[in-house]
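In my numbering, the protein residues as written are -11 to 46.
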């Protein structure tokens, strides 16, 4: 293989995968997961409250 062919192949190679900022890699970082958990918890509590209120008034 010539030097020119090797350089072309190297240039066409995709860049190596780099982890996301915060060291989370391709997945969500722990702070983002914690925030998601907080949001889901609030939504579930709101649904429970709504269900209790409609059951009592209905």
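Beta carbons: idealized from backbone N, C-alpha and C, even for Gly.
Measuring only the C-alpha atoms, how far is residue 24 from residue 44?
As a working note, residue 24 is residue 36 in the chain shown. As a working note, residue 44 is residue 56 in the chain shown. Near 31 Å, if we compare the C-alpha coordinates of residue 44 and residue 24.
Taking 8 Å as the threshold (beta carbon to beta carbon), is residue 20 in contact with chain C?
The structure shown contains no chain C, having only a single protein chain.
On the three-state DSSP scale, how would you describe residue 44?
On the chain shown, position 56 is the one that residue 44 refers to. In this structure, residue 44 counts as helix in the three-state DSSP scheme.
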